[in-house]
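So in this note's numbering the end of the sequence shown lands on 164, straight run, no missing numbers.
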Amino acid sequence: MSAPRGARFRAHHERMREGRHALRTVLAVGCGLLLLALGLIMLVLPGPGLLTGIVGAMLIAGESLVVARWLDGLDLFAARIWTRWRK
């Protein structure tokens, strides 16, 4: 099921909490931080830096409610900008 805009990442976080395992948490946060760092590096070097950084943040959002809330706010902001631009 799809969550409404502005609650997608919090819903993902809740789904991830159901089957929480310490090893999965460490791997998800570790890989998320690695992808986030690579995304920042690729912003100045050739490569899909923004996309890589977003994927890293999404991995971390599955484990952190703070990051999930931040991404939900970013999702709403991007939707408002997209709607305004399309007019």
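A virtual CB, placed ideally from N, CA and C, is assigned to each residue, including glycine.
Asked, Found
"Can you give the Cα-Cα distance for L111 and I131, rounded to whole angstroms?", "12 Å"
"Contact between the stretch 83-93 and the stretch 143-152: three or more CB pairs below 8 Å?", "yes"
"Which residues bound the alpha helix (DSSP H) around R82?", "Element bounds for R82: n/a, residue is neither H nor E."
"Only counting runs of 3 or more residues, tell me where the beta strand (DSSP E) segments fall wholly within the stretch 88-163, in order along the chain.", "none"
"Round the Cβ separation of G166 and L117 to the nearest angstrom and send it over; I've been treating them as touching at under 8 Å.", "Nothing can be reported for residue 166, as the shown portion of the chain is limited to 78 through 164."
"What does a CB cutoff of less than 6 Å around T102 pick up in its chain, not counting 5 residues either side in sequence?", "E140"
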